[in-house]
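Chains as they are written, first to last, in our numbering: chain A, 844 to 1101; chain B, 844 to 1101.
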């Protein structure tokens, strides 16, 4: 990919993060949940508007797909499309003041070229240029490890898993489970080998665009729960995992012994 | 409490954390899980030994209760007892390289006087002197908020919750669930208002000593799952929560509508 594109994307994210941290500090003086919900909506919108203005100025042919409205005009991935979630993990933003991320995936004619997930409060920057591997704060991440199912940590939304017998059985087969409340961070953690699988029933393209590139560049697998390729134009389920764990979970869910 | 005792405890933790970070960096070159399990055991033991030596030198009348052997001689909390978990969240240490904490609670004649939970990799230091409130990196934490059950985030071990009908129902009643794999950090998050309740079926005194002081100093409640006071001498269940959420979860588990 064009190095100037990568540099521009990182610069925009750095500016967005500085703005988010400033608003977050103010947010600690906001007492009510309703006010905090307003805050996150405002911050979400302002970051997306900032990206729209930057693109209009620096890359006028590029298009932006974001959670806050700019997705409505995007019906294909022709040319260069930036898929942005200004704040992935809005409940964490409002409730915890941490545990959220800026997520960005850049696609050219539907192919991923650059993925970023930035944990704003813990200053962890996960990046991946297509074909060049995944990085954490500039250090190359190794390929995701080949783990057994019984040696794996997996993450998901518990409220979904507890109502499904197959998933409850899966919980008993793994080393442990985690739940962080941010799809972007959970994908980044799969890429970093911190967890070995992340499953979700329904996510939007901007939730997964950046993180899915990270996982693929760390040699992990990313599909929907039917094993099909993501199209990044519609909401879908998500299944990201290290290859051995992807295989064993698929076998378990299909009723084969693993 | 004696200011020199607080200063000494923080100094020991700072030295322990520097040592842990050094070993963690080396650990990234260790490939196999068996070797990583050895690493965490070694680090655990070395940190506990360091505390034993410091106490013998600086506070010879104080006693240490730790996971790595020094608990065996502690059958009461008379005098001053330091209850230490050198690495709380050992699976996270081995598997993720982050998401673990040093946990320390200091008790005088059974009463808590100082609690510390230190998230080593994210540099978040949670502290509480009895009667003086809880702090994060030197900034006072507000009292835990009065949240409704439907507005709460709660955390627990999913593998335990999915097999219990009452807890599965509870998951449906809350805003969301989280799971981090470190009791010390989850208690610190309750104290910081990031999550509103943490429940566990079975923990050791060193898992909860530091964090429980944090929660109490932020005006949260800490008991076992029967509502009884913890004795810090035996393994027990744990239920830490903001008061309104503690009440609503208790009512739910006892079959009252909430």
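C-beta atoms are modelled at their ideal positions from N, C-alpha and C, and glycine is treated no differently.
- When burial is assigned at 16 or more other CB atoms within 10 Å of the CB, is residue 948 of chain A buried or exposed? Working through the first chain from its first residue, we reach residue 948 of chain A at position 105. Classification of residue 948 of chain A: buried, given that the 10 Å Cβ count is 16 or more.
- Task: Decide if residue 955 of chain A is buried, meaning its Cβ has at least 16 other Cβ atoms within 10 Å, or exposed.
- Result: On the first chain, residue 955 of chain A is found 112 positions in, with the first residue counted as 1. Burial call: buried.
- Query: Can residue 829 of chain B and residue 908 of chain B be called in contact, C-beta distance under 7 Å?
  - Reply: Given a span of 844 to 1101 for chain B in the structure shown, any question on residue 829 of chain B remains unanswerable.
- So with Cβ pairs under 7 Å, would you call residue 867 of chain A a contact of chain B? Taking the first residue of the first chain as 1, we reach residue 867 of chain A at position 24. Answer no: the Cβ-Cβ gap between residue 867 of chain A and chain B never drops below 7 Å.
- Message: Below 8 Å on the Cβ atoms is my contact criterion, and I expect residue 1038 of chain A with residue 998 of chain A to pass it. Report the Cβ-Cβ distance as a whole number of Å.
- Response: Reading the first chain from its first residue, position 195 is the one you call residue 1038 of chain A. Reading the first chain from its first residue, position 155 is the one you call residue 998 of chain A. Rounded, the Cβ-Cβ distance is 5 Å, consistent with contact.
- Can you give me, in chain order, the residues of the region 981-995 of chain B that have a beta carbon less than 7 Å from any beta carbon in chain A? 994
- Task: Identify the contact partners of residue 1092 of chain B in chain A, using a Cβ-Cβ distance below 9 Å as the criterion.
- Result: Taking the second chain and counting its residues from 1, one reaches residue 1092 of chain B at position 249. Those do not exist, as residue 1092 of chain B stays about 15 Å from chain A at its closest Cβ, beyond 9 Å.
- Message: Since residue 894 of chain A and residue 855 of chain A should fall inside the 8 Å C-beta cutoff, what is the C-beta to C-beta distance between them, to a whole number of angstroms?
- Response: Numbered from its first residue, the first chain carries residue 894 of chain A at position 51. Numbered from its first residue, the first chain carries residue 855 of chain A at position 12. Taking a contact as a CB-CB distance under 8 Å, the pair residue 894 of chain A and residue 855 of chain A counts as one, their CB atoms being some 6 Å apart.
- Where residue 875 of chain A falls, given that 16 or more other Cβ within 10 Å makes a residue buried: The residue labelled residue 875 of chain A in the question sits at position 32 within the first chain. Taking a 10 Å sphere around the C-beta of residue 875 of chain A, we find fewer than 16 other C-beta atoms and assign the residue as exposed.
- Where do the N-terminal and C-terminal ends of the alpha helix (DSSP H) with residue 1012 of chain B fall, by residue? By 1-based counting over the second chain, the position of residue 1012 of chain B is 169. Run containing residue 1012 of chain B: 1008-1016, per the alpha helix (DSSP H) assignment.
- Query: Considering residue 930 of chain B, what are the terminal residues of the beta strand (DSSP E) in which it resides?
  - Reply: Residue 930 of chain B sits at position 87 when you count from the first residue of the second chain. 923-931 is the extent of the beta strand (DSSP E) around residue 930 of chain B.
- Query: In chain A, what lies closer than 8 Å to residue 849 of chain B by C-beta?
  - Reply: Position 6 of the second chain, counting from 1, holds the residue named residue 849 of chain B. Around residue 849 of chain B, no beta-carbon contact reaches into chain A at under 8 Å, the shortest distance being about 26 Å.
- Message: At the 7 Å Cβ level, is residue 1101 of chain A part of the contact set with chain B, yes or no?
- Response: Along the first chain, read from residue 1 onward, the residue named residue 1101 of chain A stands at position 258. Because residue 1101 of chain A carries a pLDDT of 46, less than 50, the predicted location of this residue cannot be relied on, and no value is offered for it.
- Would residue 897 of chain B be called buried (16 or more neighbouring beta carbons within 10 Å of its own) or exposed? Your numbering for residue 897 of chain B matches position 54 in the second chain. Buried is the call here.
- Query: What distance in whole Å lies between the Cβ atoms of residue 920 of chain B and residue 953 of chain B, which are believed to be in contact at a cut-off of 8 Å?
  - Reply: On the second chain, position 110 is the one that residue 953 of chain B refers to. On the second chain, position 77 is the one that residue 920 of chain B refers to. That pair is a contact at about 4 Å.
- Item | Through-space distance from residue 986 of chain B to residue 1063 of chain B, alpha-carbon basis | Position 220 of the second chain, counted from the first residue, corresponds to residue 1063 of chain B. Position 143 of the second chain, counted from the first residue, corresponds to residue 986 of chain B. Rounded to the nearest angstrom, the two C-alpha atoms are 8 Å apart.
- Cutoff 7 Å; reference residue 980 of chain B; Cβ partners in own chain excluding five residues on either side: Working through the second chain from its first residue, we reach residue 980 of chain B at position 137. 967 and 968.
- Select from B/926, B/888 and B/890 the residue whose C-alpha is nearest the C-alpha of residue 906 of chain B. The count along the second chain starts at 1 and reaches residue 906 of chain B at position 63. With distances taken between Cα atoms, residue 906 of chain B lies closest to B/926.
- Query: Between residue 1059 of chain A and residue 1065 of chain B, what straight-line distance do the alpha-carbon atoms span, to the nearest angstrom?
  - Reply: For the purposes of this step, residue 1059 of chain A is taken as residue 216 along the first chain, with counting starting at 1. For the purposes of this step, residue 1065 of chain B is taken as residue 222 along the second chain, with counting starting at 1. Rounded to whole angstroms, residue 1059 of chain A to residue 1065 of chain B spans 43 Å at the Cα level.
- Item | Euclidean distance between Cα positions of residue 939 of chain B and residue 989 of chain B | Numbered from 1 along the second chain, position 96 holds the residue referred to as residue 939 of chain B. Numbered from 1 along the second chain, position 146 holds the residue referred to as residue 989 of chain B. Residue 939 of chain B and residue 989 of chain B: Cα-Cα distance of roughly 33 Å.
- Item | Backbone CA spacing between residue 970 of chain A and residue 958 of chain A [nearest angstrom] | Numbered from its first residue, the first chain carries residue 970 of chain A at position 127. Numbered from its first residue, the first chain carries residue 958 of chain A at position 115. Rounded to the nearest angstrom, the gap between the Cα atoms of residue 970 of chain A and residue 958 of chain A is 6 Å.
- Query: Between which two residues does the beta strand (DSSP E) harbouring residue 946 of chain B extend?
  - Reply: On the second chain, position 103 is the one that residue 946 of chain B refers to. Taken as a continuous stretch (DSSP letters only), the beta strand (DSSP E) holding residue 946 of chain B covers 944-951.
- Query: By a C-beta neighbour count over all protein chains shown, 10 Å radius and 16 as the cutoff for buried, is residue 933 of chain B buried or exposed?
  - Reply: Indexing the second chain from 1 puts residue 933 of chain B at position 90. Label assigned to residue 933 of chain B: buried.
- Task: Would you tell me roughly how many angstroms separate the C-alpha atoms of residue 851 of chain A and residue 950 of chain B, rounded to the nearest one?
- Result: Start at 1 with the first residue of the first chain, and residue 851 of chain A comes out as number 8. Start at 1 with the first residue of the second chain, and residue 950 of chain B comes out as number 107. Using only the alpha carbons, I get a separation of about 54 Å.
- Spell out whether any CB of chain B is found under 7 Å from the CB atom of residue 1097 of chain A. Looking up residue 1097 of chain A in the first chain gives position 254. No, no contact with chain B.
- Item | Whole-Å CB distance - residue 802 of chain A paired with residue 973 of chain A, under 8 Å assumed | There is no way to answer for residue 802 of chain A, as the model of chain A reaches only from 844 to 1101.
- Sorted by chain position, which residues of the same chain lie with C-beta nearer than 7 Å to residue 1014 of chain A's C-beta, five sequence neighbours on each side aside? Start at 1 with the first residue of the first chain, and residue 1014 of chain A comes out as number 171. Taken in chain order, the residues that qualify are 1004 and 1020.
- Item | Span of the beta strand (DSSP E) around residue 971 of chain B | Taking the second chain and counting its residues from 1, the one referred to as residue 971 of chain B is at position 128. Per DSSP, the continuous beta strand (DSSP E) segment holding residue 971 of chain B begins and ends at 967-972.
- Query: Would a check of beta-carbon distances place residue 965 of chain A closer than 7 Å to chain B?
  - Reply: What you label residue 965 of chain A is simply residue 122 of the first chain in a count that begins at 1. Answer yes: the Cβ-Cβ gap between residue 965 of chain A and chain B drops below 7 Å somewhere.
- Task: Run down chain B in chain order and give the residues with a C-beta less than 9 Å from the C-beta of residue 1018 of chain A.
- Result: Residue numbering aside, residue 1018 of chain A sits at position 175 when the first chain is read from its first letter. Under the 9 Å cutoff, chain B gives 934 and 938.
- Which residue comes first and which comes last in the alpha helix (DSSP H) that contains residue 1055 of chain B? Translated into positions along the second chain, residue 1055 of chain B becomes position 212. Looking at the DSSP string, the run of the alpha helix (DSSP H) that includes residue 1055 of chain B is 1048-1060.
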